[in-house]
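Below is one structure; the comments refer to it alone.
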Amino acid sequence: MNIYVILYIATYLLARQSGDGMVLIQENLVPILVSAFATLAAAAAWRSAPPDERDIWKWLTLGIGLWAAAEIIWAGMVFAWGEDVPYPSLADALWIVGYMPVGIAIIEYLAHHRFRLTHVKAAAAIIGGVILPLAALIYFIQPILEKPLDIRLSELVVKAVYPSLDILVATGGVLCLMLRKQSIWQDPWALIGGSLVIWAYSDLWYWLLSYFGIYAPDWFSAVRVDIPYGLAYVALGVGCLRAMSFERSAKTVSPQ
């Protein structure tokens, strides 16, 4: 993860020397590479997982795979249309759908570790993570910014759904961190949970900067959005590889 941060900063500084065009290429190429790494790592963890944990890794792999596909499609659209990329797009659909299997993976992981998700807890998560953020955006933030609600319904829904889903994913990540039995760097699901918190952090920054129209290919946006966004994928991949390593070690240790 340290190597990723160092390489990102180095390649960003080199891209800046060549102009905004190279920065744009770097910003869209890095998410493809790190999301592909996370997807392959999750798939490897799935293959090596014990039977009672296979479903957890299956759902996680599916969700990350959908996000990786969205990264590829989004990059292609940016290079094809530039600033005129249609919104919402197929990439947005894949990103939003990808939250569902990731959420299922978190729920199954928590259930596997005897965390009881009662109806009250589920209702509180839905109200706090979806309904309240949606209401805040539509009825409070939008009027305060004096932005008329004459945009397309699909665009408004997508803009409102992203932060809501980010809050839910971050909540699940925090619960995974709370269940850890080792240090964050040693516990695979602590790394995965932490990666989801970082993902939500970067995504919420992207949403805020985009909403106020100040997101741009510059250092200000890179530090708040792009670097942690890619770091989330890397941390998730490292967590998956650590889980695979632990499982293989357990299989090769002979009984005493």
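When we follow my numbering, the leftmost residue of the sequence shown carries the number 29, and every step to the right adds one. All C-beta atoms, glycine included, are put in the ideal place defined by N, C-alpha and C.
Nearest by alpha-carbon distance to ASN30: which of ALA260, GLN45, ASP231 is it? For the purposes of this step, residue 30 is taken as residue 2 along the sequence shown, with counting starting at 1. Comparing Cα-Cα distances from ASN30 to each of ALA260, GLN45, ASP231, the minimum goes to ALA260.
Residue from ALA97, GLY131, ALA133 with nearest C-alpha to LEU118: Working through the sequence shown from its first residue, we reach residue 118 at position 90. The residue with the shortest Cα to Cα distance from LEU118 is ALA97.
Check the C-beta distance from ALA66 over to LEU264 and give it rounded, since I have them as a contact under 8 Å. On the sequence shown, position 38 is the one that residue 66 refers to. On the sequence shown, position 236 is the one that residue 264 refers to. That pair is a contact at about 5 Å.
Unbroken alpha helix (DSSP H) run spanning GLU55, endpoints: Residue mapping note: residue 55 aligns to position 27 of the sequence shown, counting from 1. Where GLU55 is concerned, the enclosing alpha helix (DSSP H) stretches over 48 to 76.
If you pair each beta-carbon of the region 42 to 56 with each one of the region 65 to 84, do three or more pairs fall below 8 Å? With fewer than three CB-CB distances shorter than 8 Å, the region 42 to 56 does not count as touching the region 65 to 84.
For ASP80 and LEU88, what's the separation of their Cα atoms in angstroms? As a first step, residue 80 is located in the sequence shown; it is residue number 52 there, counting from the start. As a first step, residue 88 is located in the sequence shown; it is residue number 60 there, counting from the start. For ASP80 and LEU88, the distance between alpha carbons rounds to 15 Å.
Distance between ASP246 and LYS209 (C-alpha atoms, nearest Å): Here the question's residue 209 lines up with position 181 in the sequence shown. Here the question's residue 246 lines up with position 218 in the sequence shown. Cα-Cα distance, rounded: 40 Å.
Going by beta carbon distance, what residues of the same chain come within less than 7 Å of TRP85, once the five residues before and after it are set aside? Numbered from 1 along the sequence shown, position 57 holds the residue referred to as residue 85. Once the five neighbours on either side are set aside, the close Cβ partners of TRP85 are ALA70, ALA73, TRP74, ALA77.
When the distance is taken between beta carbons, is ILE212 closer than 7 Å to ALA218? On the sequence shown, residue 218 is found 190 positions in, with the first residue counted as 1. On the sequence shown, residue 212 is found 184 positions in, with the first residue counted as 1. Cβ distance < 7 Å, so ALA218 and ILE212 count as in contact.
Return yes when the Cβ of GLU55 is within less than 7 Å of the Cβ of ASP194, no when it is not. Position 166 of the sequence shown, counted from the start, is the residue given in the question as residue 194. Position 27 of the sequence shown, counted from the start, is the residue given in the question as residue 55. The Cβ-Cβ distance between ASP194 and GLU55 does not fall below 7 Å.
Taking C-beta to C-beta, are SER273 and PRO256 nearer than 7 Å? Numbered from its first residue, the sequence shown carries residue 273 at position 245. Numbered from its first residue, the sequence shown carries residue 256 at position 228. Result no, Cβ atoms of SER273 and PRO256 do not sit closer than 7 Å.
Alpha helix (DSSP H) segments (min. 4 residues) lying fully within the region 182 to 242: 216 to 239
Assuming LEU232 and GLY221 make a contact with CB atoms under 8 Å, what is their CB distance in whole Å? The residue given as residue 232 occupies position 204 in the sequence shown. The residue given as residue 221 occupies position 193 in the sequence shown. With a beta-carbon spacing of about 17 Å, LEU232 and GLY221 fall beyond the 8 Å limit used to define contacts.
With DSSP as the reference, label SER117 as helix, strand or coil. Working through the sequence shown from its first residue, we reach residue 117 at position 89. Of the three classes helix, strand and coil, the one that applies to SER117 here is coil, per DSSP.
So ALA96 is in the alpha helix (DSSP H); what residue range does that whole segment cover? In the sequence shown, counting from the first residue as 1, residue 96 sits at position 68. Looking at the DSSP string, the run of the alpha helix (DSSP H) that includes ALA96 is 82 to 109.
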